[in-house]
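Participant: Going line by line, the protein sequences match chains A and B.
Sequential numbering of the first sequence, starting at 1, is according to my numbering.
Sequential numbering of the second sequence, starting at 103, is according to my numbering.
By construction, the Cβ of each residue, glycine as well, lies at the ideal position given by its N, Cα and C atoms.
Please read all numbers here as calculations on a predicted model, not as lab measurements.
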Amino acid sequence: MRIKAKLKGDVVKVKAMAKHAMMTYDIAQKKTGSRDNANFITHWDGSVNGKVVFDASTSQFLSKNPIVKYEFKAAGIKKGDKLVMNWVDLKGKKKSGKAKIK
Amino acid sequence: MQRRNFLTLGAVAAASAALAPALQATDFRQTKPDAWTAKSVDDALKALYGKTLADATEAHVTVKTPDVASNGGAVPVDMSCDVECKTFTLLQDVNPESCVVVFEQNDMTVPKNSVKIKMKKSGSVYAVAEGKDGKLYFGKKTLEVALGGCEG
Numbered sequence: 001m002r003i004k005a006k007l008k009g010d011v012v013k014v015k016a017m018a019k020h021a022m023m024t025y026d027i028a029q030k031k032t033g034s035r036d037n038a039n040f041i042t043h044w045d046g047s048v049n050g051k052v053v054f055d056a057s058t059s060q061f062l063s064k065n066p067i068v069k070y071e072f073k074a075a076g077i078k079k080g081d082k083l084v085m086n087w088v089d090l091k092g093k094k095k096s097g098k099a100k101i102k
Numbered sequence: 103m104q105r106r107n108f109l110t111l112g113a114v115a116a117a118s119a120a121l122a123p124a125l126q127a128t129d130f131r132q133t134k135p136d137a138w139t140a141k142s143v144d145d146a147l148k149a150l151y152g153k154t155l156a157d158a159t160e161a162h163v164t165v166k167t168p169d170v171a172s173n174g175g176a177v178p179v180d181m182s183c184d185v186e187c188k189t190f191t192l193l194q195d196v197n198p199e200s201c202v203v204v205f206e207q208n209d210m211t212v213p214k215n216s217v218k219i220k221m222k223k224s225g226s227v228y229a230v231a232e233g234k235d236g237k238l239y240f241g242k243k244t245l246e247v248a249l250g251g252c253e254g
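1) Is there a C-beta anywhere in chain A that falls below 9 angstroms from the one on residue 206/B?
2) Near residue 99/A, what residues of its chain come up, given a Cβ to Cβ distance below 6 angstroms and the 5 sequence neighbours on each side ignored?
3) For residue 65/A, tell me which candidate among 81/A, 101/A, 87/A, 26/A has the shortest Cα-Cα distance.
4) Could you tell me how far apart the beta carbons of residue 52/A and residue 210/B are, in whole angstroms, since I believe they sit closer than 8 angstroms?
5) Using a cut-off of 9 angstroms between C-beta atoms, extract the partners of residue 18/A located in chain B.
6) At which residue ranges does the region 5-40 of chain A contain complete alpha helix (DSSP H) runs of 4 or more residues, listed in the order of the chain?
7) From what residue to what residue does the beta strand (DSSP E) around residue 99/A run?
8) Taking buried to mean at least 16 other C-beta atoms within 10 Å of its own C-beta, is residue 156/B buried or exposed?
9) Under 8 angstroms: do the region 196-204 of chain B and the region 133-146 of chain B share three or more Cβ pairs, one atom per stretch?
10) Can you name the residues of chain A whose CB is closer than 7 angstroms to the CB of residue 211/B?
11) My guess is that residue 166/B and residue 243/B are in contact by the Cβ rule of under 8 angstroms, so how many angstroms apart are they, rounded?
12) Go to residue 150/B, then tell me how far its alpha helix (DSSP H) extends in each direction, as first and last residue.
13) Assuming residue 55/A contacts residue 206/B under a Cβ cut-off of 8 angstroms, what Cβ separation, rounded to an integer in Å, is found between them?
14) Output, in sequence order along the chain, the residues in the region 170-182 of chain B whose CB is closer than 7 angstroms to any CB in chain A.
15) Please state whether DSSP places residue 61/A in a helix, a strand or coil.
16) Counting only Cβ pairs nearer than 9 angstroms, list the residues of chain A close to residue 216/B.
17) Can you find the residues in the same chain that come closer than 7 angstroms, C-beta to C-beta, to residue 147/B, ignoring five residues on each side of it along the sequence?
18) Please work out which residues of its chain come closer than 8 angstroms, Cβ to Cβ, to residue 246/B, disregarding the five sequence neighbours upstream and downstream, and give them in chain order.
19) Between the region 36-47 of chain A and chain B, which residues of the former have a C-beta closer than 7 angstroms to a C-beta of the latter?
20) Just list the residues that DSSP pairs residue 207/B with in beta bridges.
21) Label residue 49/A either buried or exposed according to how many other C-beta atoms from any shown protein chain fall within 10 Å of its C-beta, with 16 as the threshold for buried.
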């Protein structure tokens with residue numbers, strides 16, 4: 001997972017990209033003949049210093065290799081702190097990424 | 103002395119139990135499974151909030167997309183909300199299921215997100231915010247999609 005986090009004024013702006021095929025049920029049906037082969041990211045979270053700053057539940061309609069941009073308040077967060085992001089997909093695969101806040 | 107120890111322990115346990123849900127992120131796919139199989143915007147909203155679009159006010163929420171998206175496989179959507187909200191949901195009315203993403207908000211998050219979504223054909227995207235006052239607010243944008251994005 002690629003993550004960029006930048007402290008700007010009183011918010012931290014984050015851009016994250018996950019590498020994932022995001023196969024919808026329709027595409028799975030067409031390409032592999034079975035809806036059960038569909039696989040997509042279902043849940044994302046992000047935290048700094050143990051505090052949740054981002055939380056999203058997603059369906060199959062995010063684009064392939066989805067990019068998510070979000071912001072959170074910078075209260076108590078300084079440059080150099082680590083942002084940890086995780087995602088989990090429909091098959092239960094998990095991946096996590098880290099980035100230093102610049 | 104023993105009793106005092108016991109009470110302190112109890113207080114600590116209660117405090118940590120109260121803290122735990124605050125740190126725990128909610129997976130809406132598990133808590134609201136019906137929302138993800140709903141075929142229409144209204145059904146998805148009913149599953150998520152128990153309300154429909156008719157109960158929501160068209161205010162406070164802005165949705166930005168290009169007027170014509172050349173590639174339905176990656177339609178950029180910017181959504182933002184200017185009131186404090188509990189959850190922020192993105193829906194559309196052309197794909198087999200309606201719900202795209204639910205952002206859960208806490209006191210750290212800012213309801214301002216951008217995602218790229220798939221759209222099968224021309225249609226509308228809806229961003230719905232559940233305000234802290236319990237009301238629903240929504241913003242809507244209709245766009246044209248030149249090349250559908252669900253065929254793969």
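Facilitator: Quick look at the numbers:
1) Walking along the second sequence from the start, residue 206/B turns up at place 104. It does: the Cβ of residue 206/B has a partner Cβ on chain A nearer than 9 angstroms.
2) In the first sequence, residue 99/A corresponds to position 99, counting from 1. If we look at residue 99/A and ignore the five residues flanking it on each side, its Cβ neighbours are 3, 5, 83.
3) Numbered from 1 along the first sequence, position 65 holds the residue referred to as residue 65/A. Considering only alpha carbons, the answer is 87/A.
4) Residue 52/A sits at position 52 when you count from the first residue of the first sequence. Residue 210/B sits at position 108 when you count from the first residue of the second sequence. Sure, about 7 angstroms apart at Cβ, within 8 angstroms.
5) Locating residue 18/A in the first sequence gives position 18, where the first residue counts as 1. For residue 18/A, no chain B residue has a Cβ inside 9 angstroms of its Cβ, as the nearest lies near 11 angstroms away.
6) Counting only runs of 4 or more, we get 25-32.
7) Residue numbering aside, residue 99/A sits at position 99 when the first sequence is read from its first letter. Where residue 99/A is concerned, the enclosing beta strand (DSSP E) stretches over 94-100.
8) As a position in the second sequence, residue 156/B is number 54, starting the count at 1. By the neighbour-count rule (16 or more Cβ atoms within 10 Å), residue 156/B is not buried but exposed.
9) The region 196-204 of chain B vs the region 133-146 of chain B: in contact.
10) Taking the second sequence and counting its residues from 1, the one referred to as residue 211/B is at position 109. Residues of chain A with a Cβ closer than 7 angstroms to the Cβ of residue 211/B are, in chain order, 53, 54, 72.
11) The residue labelled residue 166/B in the question sits at position 64 within the second sequence. The residue labelled residue 243/B in the question sits at position 141 within the second sequence. Rounded, the Cβ-Cβ distance is 7 angstroms, consistent with contact.
12) Locating residue 150/B in the second sequence gives position 48, counting from the first residue. Element bounds for residue 150/B: 143-151.
13) The residue you call residue 55/A lines up with position 55 of the first sequence. The residue you call residue 206/B lines up with position 104 of the second sequence. That pair is a contact at about 4 angstroms.
14) Of all residues in the region 170-182 of chain B, only 175, 176 place a beta-carbon less than 7 angstroms from a beta-carbon of chain A.
15) Here the question's residue 61/A lines up with position 61 in the first sequence. In this structure, residue 61/A counts as coil in the three-state DSSP scheme.
16) On the second sequence, position 114 is the one that residue 216/B refers to. Neighbours of residue 216/B on chain A, chain order: 15, 67, 68, 69, 70.
17) Taking the second sequence and counting its residues from 1, one reaches residue 147/B at position 45. Within its own chain, the residues whose Cβ lies closer than 7 angstroms to the Cβ of residue 147/B, once the five positions on either side in sequence are excluded, are 153, 154, 155, 230, listed in chain order.
18) Locating residue 246/B in the second sequence gives position 144, counting from the first residue. So the list reads 169, 170, 171, 224, once near-sequence residues are dropped.
19) Along the region 36-47 of chain A, going in chain order, the ones with a CB nearer than 7 angstroms to a CB of chain B are 42, 43, 45.
20) Residue mapping note: residue 207/B aligns to position 105 of the second sequence, counting from 1. Answer is none; residue 207/B lacks a bridge partner.
21) Counting from 1 along the first sequence, the entry for residue 49/A is found at position 49. Exposed, since its Cβ has fewer than 16 Cβ neighbours within 10 Å.
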